[in-house]
Amino acid sequence: MIRSVIILNTSGVPRLTKFYSPIHQSAQAIVAKIYSLISIRSPGSCNFLEAPELDELLGREDANEKLRVVYRSYATLHFVFVVDSSESELGILDLIQVRTLAKVGFFVEALDRAFENVCELDLVFHFDEVHHILAEIIQGGLVLETNLDEIDSAIHQAASARKQSFASANPLTLGVGGMGPRSTGAQTPLGWLTGKLTGVGAR
Amino acid sequence: MATNMRGLTQFIADIRGARVRDLEEKRINKEMANIRKKFKDGNLDGYQKKKYVAKVLYTYILGYKVDVGHMEAVNLISSPKYSEKQIGYLAVTLLMHENSDFLRLVVNSIRKDLDENNEINNCLALHAIANVGGTEMAEALCEDVHRLLISPTSQSMVKKKAALTLLRLYRKHPDVIPAAEWALRIVAIMDDTDLGVVLCVTTLVMTLAQDHLDPYAVCYQKAVDRLHRLVVEHEYSATYAYYKVPSPWLQVKLLKLLQYYPPSDDPAIRSTLHQVLETIMNNSAEQTRNMQHNNAQRAVLFEAIGLAIHLDTNSPLVGTAAVLLARFISSKETNVRYLGLDTLAHLAARADSLEAIKTHQAHVILSLRDRDISVRRRALDLLYSMCDVDNSEIIVGELLQYLKVADYALREEMVLKIAVLTEKYASSYRWYVDTILELISAAGDHVGDEVWYRVVQIITNTEDLQAYAARVVFQRLKAPATHESLVKVGGYVLGEYGHLIANEDGHSPIEQLQVLHTKSQFCAAPTRALLLTTYIKWVNVFPEIKAQLINIFERYRHVLDSELQQRACEFYALASRPDDDELLQNVCEEIPPFPPRESALLSRLNKKHGATEDKRTWVHGGRDVNQDREVAKVKRDSTADKPINGATTTSTGASDVLASLQGLDLSGPSSTTGPAVSTTLTMLAKPTIAPHLAVGTNVDRWFEKLTYSDEGVLYEDVQIQVGIKSRYQGHIGQLAVYMGNKVSAPLTSFTTKVDVDDPEALSVTFAKMPATMVAPRSQSQQILHVECKKAFTTPPVITVSFLAGSHQTIALRLPVVLTKFIEPVILGASDFFERWKLIGGPPREAQGIFPVNLTSSGELDRERQQQVILGQKLSILPDVDPNPNNFVGAGVLHMSGDGKVGCLLRLEPNRDAKLCRITIRSTSEDVVGEVQRLIQKPLSVDAAS
Chain A
1 MIRSVIILNT SGVPRLTKFY SPIHQSAQAI VAKIYSLISI RSPGSCNFLE
51 APELDELLGR EDANEKLRVV YRSYATLHFV FVVDSSESEL GILDLIQVRT
101 LAKVGFFVEA LDRAFENVCE LDLVFHFDEV HHILAEIIQG GLVLETNLDE
151 IDSAIHQAAS ARKQSFASAN PLTLGVGGMG PRSTGAQTPL GWLTGKLTGV
201 GAR
Chain B
1 MATNMRGLTQ FIADIRGARV RDLEEKRINK EMANIRKKFK DGNLDGYQKK
51 KYVAKVLYTY ILGYKVDVGH MEAVNLISSP KYSEKQIGYL AVTLLMHENS
101 DFLRLVVNSI RKDLDENNEI NNCLALHAIA NVGGTEMAEA LCEDVHRLLI
151 SPTSQSMVKK KAALTLLRLY RKHPDVIPAA EWALRIVAIM DDTDLGVVLC
201 VTTLVMTLAQ DHLDPYAVCY QKAVDRLHRL VVEHEYSATY AYYKVPSPWL
251 QVKLLKLLQY YPPSDDPAIR STLHQVLETI MNNSAEQTRN MQHNNAQRAV
301 LFEAIGLAIH LDTNSPLVGT AAVLLARFIS SKETNVRYLG LDTLAHLAAR
351 ADSLEAIKTH QAHVILSLRD RDISVRRRAL DLLYSMCDVD NSEIIVGELL
401 QYLKVADYAL REEMVLKIAV LTEKYASSYR WYVDTILELI SAAGDHVGDE
451 VWYRVVQIIT NTEDLQAYAA RVVFQRLKAP ATHESLVKVG GYVLGEYGHL
501 IANEDGHSPI EQLQVLHTKS QFCAAPTRAL LLTTYIKWVN VFPEIKAQLI
551 NIFERYRHVL DSELQQRACE FYALASRPDD DELLQNVCEE IPPFPPRESA
601 LLSRLNKKHG ATEDKRTWVH GGRDVNQDRE VAKVKRDSTA DKPINGATTT
651 STGASDVLAS LQGLDLSGPS STTGPAVSTT LTMLAKPTIA PHLAVGTNVD
701 RWFEKLTYSD EGVLYEDVQI QVGIKSRYQG HIGQLAVYMG NKVSAPLTSF
751 TTKVDVDDPE ALSVTFAKMP ATMVAPRSQS QQILHVECKK AFTTPPVITV
801 SFLAGSHQTI ALRLPVVLTK FIEPVILGAS DFFERWKLIG GPPREAQGIF
851 PVNLTSSGEL DRERQQQVIL GQKLSILPDV DPNPNNFVGA GVLHMSGDGK
901 VGCLLRLEPN RDAKLCRITI RSTSEDVVGE VQRLIQKPLS VDAAS
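Residue numbers (my numbering), protein chains in the order written: chain A, 1 to 203; chain B, 1 to 945.
Here's what the structure looks like:
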């Protein structure tokens with residue numbers, strides 16, 4: 001079973017944390033621990049790491065369980081899965097397979113499809129969306145679907161349902177075409193993002 | 001969507017803009033205060049609630065503790081708007097955990113969403129249960145989830161989620177889910193056309209089958225079939241190919257599932273599986289440059305090797321696997337090295353012979369120095385598993401050397417493993433003591449108490465060793481810096497056995513005392529207490545240094561530590577008693593051998609990384625360890641209270657060095673292996689839950705007709721027709737079973753299974769794996785091979801199950817009866833009577849009188865009688881019986897186990913009395929009754945015709 005999915009950036013700030021079993025310590029402590037484990041590893045190292053250190057933090061359902069960390073780094077982000085011994089390491093690695101190394105990555109690819117080109121900021125501003133996407137791939141710690149098209153269509157279905165409910169709630173939303181760039185301090189064209197997400201600029 | 005909420009976007013941007021953490025916290029606190037106030041004031045509309053809950057969520061994701069928003073999330077769930085509902089559910093899954101009180105409030109909303117006819121809402125609800133579902137939810141909702149899973153109208157998306165949700169509920173509260181009852185229905189979904197659904201259902205089945213092996217046994221066949229279709233026939237939708245590998249995730253799951261079952265006996269399944277594994281291994285021989293492709297392929301390969309090892313460690317497949325693995329452990333890719341070592345450890349843990357692995361020993365030892373700790377760990381595990389008596393000295397030597405430079409994270413485990421190996425595979429006591437002492441000096445702080453307890457135990461129990469141990473310990477103690485554990489061992493050993501070496505040069509009592517006592521000041525109180533005990537022992541055996549010892553006690557009487565002080569006072573008093581006092585002698589009597597007990601080391605090690613029975617099918621360690629596990633499992637399974645061992649006593653005579661060491665070590669579970677294993681066998685042989693036989697007069701009539709004819713209908717209803725054609729020769733038979741689909745929809749998830757009451761007497765096997773679907777208005781054929789080994793009375797039962805709207809199961813008796821294996825013989829009158837007389841009366845004769853029907857014209861139905869007798873494969877011998885109405889027949893029954901048995905028949909119908917007498921004589925008592933019953937049944941008046 002997958003115990004936890006964590007995305008953190010190269011400076012250790014978590015961008016997504018999802019725990020599939022009750023945790024015994026604060027999420028921050030776990031993220032910090034994981035960061036300390038993987039940040040020191042060189043790029044060529046094994047993507048699998050046994051982590052007895054996490055036992056206390058994550059809590060063990062079964063006294064004999066051995067937790068492993070399967071991770072992959074992608075640009076400024078580390079994608080980290082904490083799994084128990086029942087999961088195939090390579091399988092999980094495939095699951096988070098990353099774009100830089102291949103044409104199609106998996107989890108990242110699903111994010112890519114949803115956001116056209118995933119970057120850290122997307123994860124920041126659309127944290128709820130990221131969780132929804134994750135929910136289409138992993139449910140309750142188990143792999144739900146591995147077919148990108150299926151995942152895509154499920155996400156689209158949800159997105160269109162959401163859009164409909166917006167429309168019924170506020171007919172103006174669709175017509176506005178984005179909120180316009182408000183915050184000048186942000187490093188990204190917020191208008192592009194918001195526009196895309198309110199549905200006008202999107203596919 | 002979050003960004004539709006301007007306030008939220010602003011909030012996120014603000015936090016991102018915060019340059020230092022203080023500012024970030026300040027912003028968050030401000031926002032939380034605001035939200036708290038808004039929530040308290042109430043009167044928020046859906047949009048506002050959603051916005052605030054989203055802010056709370058964002059704060060939570062950043063890792064802050066949040067304590068508001070739960071109630072609002074609960075409200076949002078029941079909102080009719082999807083966007084609000086979605087945020088509500090997200091909040092529930094993120095903010096709440098399974099024991100949260102708020103969950104009670106959402107159960108009803110969740111049920112409403114489950115019942116709704118809208119799959120998007122179904123999915124949200126299922127996802128929420130799968131994340132936070134606990135005992136209460138399991139009780140309230142498991143029926144609904146199951147309904148969504150099996151309903152033919154559910155979309156794939158819903159089915160997938162329902163399967164995993166059900167799994168979650170089962171894990172949380174297994175009692176509410178009638179897993180055995182639902183077995184066939186759930187397993188049937190493994191034949192779904194959507195591979196996504198198959199993946200999820202397989203995951204579910206994997207867990208359920210672990211606890212209910214028998215009811216889920218059908219899944220074995222399904223899994224093999226699915227693998228065959230994926231791997232060999234390439235039957236899958238293109239979107240499920242991941243870098244040209246057909247759904248590696250599914251393959252891995254299926255291969256894992258198969259490892260939970262004992263290898264199948266069915267030759268058809270075995271050969272199919274063999275073909276699958278072979279293909280997988282061949283596929284991986286060709287390496288491509290694409291790493292993703294290689295990864296996916298290897299993920300499957302490693303699991304396939306695992307399965308091959310599970311099936312049979314001696315098969316050629318495993319040989320191929322070993323070659324592949326050897327290549328992997330020297331691969332350039334770290335991941336591959338890691339997995340290669342891991343799988344090799346699996347092989348080492350199960351294989352009968354370690355020879356193949358030992359050829360790579362040098363390389364494995366090299367891997368201990370890999371630059372990645374993950375690989376080093378695996379190499380350590382593998383060395384631990386592949387160690388045996390022959391290579392223990394090399395491996396332990398290497399490990400000891402490596403220990404000095406190993407990572408701190410690894411050391412403790414290494415120390416335990418070295419200690420266990422040293423003990424288990426010691427070639428001599430001396431080597432054992434040397435190694436352990438070396439270990440204690442090398443690893444120092446990482447040596448747990450268990451290690452030195454164990455040494456002391458073994459030295460105490462082995463008389464030969466005592467003097468040697470004392471000498472070696474003494475030498476080691478002379479080193480300028482010694483670890484405290486060594487001082488402890490030294491204190492104990494020299495105290496007990498120091499006198500054995502006291503006469504040797506340089507080992508005099510006073511020297512012993514000096515060496516030990518100089519260490520004392522660097523030690524903690526418990527160690528010093530132990531040393532005091534050593535001294536009092538010396539007072540007894542070394543009167544020459546009594547003065548010094550008493551002096552030491554005297555000084556210790558004033559230390560602050562109460563324990564030390566007490567000991568010192570007591571010992572002082574004891575030592576100061578007059579010389580002829582016997583008390584001291586009695587107190588310091590030599591320690592008796594320890595009773596045999598399980599090594600604390602092993603239990604510690606197992607506790608450390610151990611035996612996750614339900615997850616792994618093996619643990620690290622040699623083959624015997626795995627066997628012990630099996631035994632232990634059986635012990636736990638069988639409720640019968642078996643006396644746990646105690647049989648092995650240590651012979652301190654120590655004629656056999658190894659035996660006594662091992663006796664100490666494993667507390668001899670070997671003595672219970674025999675009976676325990678046989679329990680496993682009986683447990684496995686126990687028939688699965690008997691399927692309910694289809695009943696009805698027609699069913700009986702069809703069956704009966706087929707007992708004396710070669711072809712015909714066995715069963716028919718509105719959906720399906722089952723027909724039989726058969727051919728027998730000697731003890732071998734072949735049955736073609738025709739499954740006709742009478743409706744205009746395909747029968748999917750078509751499963752057939754044959755149960756034989758007594759596999760010793762009759763074997764029935766499928767010629768090849770049955771197809772899983774019968775197309776509309778068409779027939780599928782399955783060939784069965786039958787072999788009669790001994791006399792049997794119960795016909796085999798074929799269970800047919802399929803999905804046609806709902807799930808249906810039909811169990812039918814197959815018309816395979818004893819008389820089918822008879823071949824007719826022609827005898828002359830004199831031959832016949834000679835044999836008839838030779839056989840004689842009971843018990844080799846069976847006789848019955850039964851009423852018969854007459855034809856419409858009032859005559860005996862000779863034609864039918866003749867048909868039945870010939871159909872039962874007996875010859876009809878004319879002109880033997882003087883009465884022309886009577887029938888006389890003969891035949892030979894062929895059985896591969898019990899050989900040939902002759903059968904003679906006499907049938908005497910009486911028209912006036914409407915009665916008939918049947919007499920069977922046979923050379924075998926076992927056969928005669930059954931043959932008589934079989935022939936009489938269709939002739940008798942109450943025959944179902």
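Every residue, glycine too, gets a C-beta built ideally from N, C-alpha and C.
- Residue environment analysis places residue 408 of chain B among the exposed positions, since fewer than 16 neighbouring C-beta atoms fall within 10 angstroms of its C-beta.
- Residue 854 of chain B has B:860 as its beta-bridge partners, per DSSP.
- Residue 293 of chain B and residue 243 of chain B have their C-alpha atoms roughly 5 angstroms apart.
- With a threshold of 16 other beta carbon atoms within 10 Å, residue 761 of chain B meets it and is buried.
- With a beta-carbon spacing of about 4 angstroms, residue 162 of chain B and residue 148 of chain B fall inside the 8 angstroms limit used to define contacts.
- In this model, residue 249 of chain B and residue 738 of chain B are separated by some 35 angstroms (Cα to Cα).
- Here DSSP, grouped into helix, strand and coil, assigns residue 127 of chain B to helix.
- Contact of residue 120 of chain B with chain A by beta-carbon distance below 7 angstroms involves 157, 158, 161.
- For the 8 angstroms CB-CB criterion, residue 128 of chain A and residue 3 of chain A do not form a contact.
- The shortest C-alpha to C-alpha distance from residue 95 of chain B to any of B:422, B:113, B:128 is the one to B:128.
- Taking 8 angstroms as the Cβ-Cβ cut-off, the region 197 to 214 of chain B approaches chain A at 199, 200, 203, given in chain order.
- Cβ contact annotation for residue 356 of chain B (same chain, cutoff 7 angstroms, sequence separation greater than five): 322, in chain order.
- Taken through DSSP and simplified to helix, strand or coil, residue 748 of chain B comes out as strand.
- Residue contact with chain A for residue 334 of chain B: present (Cβ-Cβ distance below 8 angstroms to some residue of chain A).
- Nearest CB-CB separation between residue 9 of chain B and chain A: below the 8 angstroms threshold.
- Using beta-carbon distances, residue 57 of chain B counts as an interface residue toward chain A, with a partner under 8 angstroms.
- Between the C-alpha atoms of residue 69 of chain A and residue 780 of chain B there is a straight-line separation of about 49 angstroms.
- In terms of Cβ geometry, residue 825 of chain B and residue 892 of chain B form a close pair [threshold 8 angstroms].
- Inter-segment contact for the region 696 to 704 of chain B and the region 750 to 759 of chain B is absent: fewer than three beta-carbon pairs are separated by less than 8 angstroms.
- In the structure shown, the three-state DSSP call for residue 817 of chain B is coil.
- In summary, the residues of the region 236 to 251 of chain B whose CB is separated from some CB of chain A by less than 7 angstroms are 239, 240, 242, 247, 248, 249, in the order they occur in the chain.
- Contacts with chain A at 8 angstroms (Cβ-Cβ) include residue 127 of chain B.
- Going by beta carbons, residue 797 of chain B and residue 814 of chain B fall inside the 8 angstroms limit.
- Contact between residue 576 of chain B and residue 550 of chain B holds, since their C-beta atoms are separated by about 7 angstroms, short of 8 angstroms.
- Chain B has a Cβ within less than 8 angstroms of the Cβ of residue 22 of chain A.
- In this structure, the CA atom of residue 82 of chain B is about 22 angstroms from the CA atom of residue 104 of chain B.
- Within a 10 Å sphere around the beta-carbon of residue 370 of chain B sit 16 or more other beta-carbons, which makes this residue buried.
- Per DSSP, the continuous alpha helix (DSSP H) segment holding residue 219 of chain B begins and ends at 218 to 227.
- Counting every other CB atom within 10 Å of its CB across the protein chains shown gives residue 5 of chain B a total of 16 or more, marking it as buried.
- For the region 126 to 137 of chain A, the residues whose beta carbon sits under 8 angstroms from a beta carbon of chain B are, in order, 126, 127, 128, 129, 131, 132, 135.
- Scanning B:234, B:554, B:419 for the CA closest to the CA of residue 532 of chain B turns up B:554.
- C-alpha of residue 136 of chain B to C-alpha of residue 167 of chain B: approximately 15 angstroms in a straight line.
- Against residue 67 of chain A, chain B offers no close residue; the least beta-carbon distance is about 11 angstroms (beta-carbon pairs closer than 8 angstroms).
- For a Cβ distance threshold of 8 angstroms, nothing in chain A lies close to residue 701 of chain B: the least Cβ distance comes to about 50 angstroms.
- By the neighbour-count criterion, in which 16 or more other beta carbons inside 10 Å mark a residue as buried, residue 928 of chain B falls on the buried side.
- Our two residues, residue 132 of chain B and residue 89 of chain A, have alpha carbons roughly 25 angstroms apart in a direct line.
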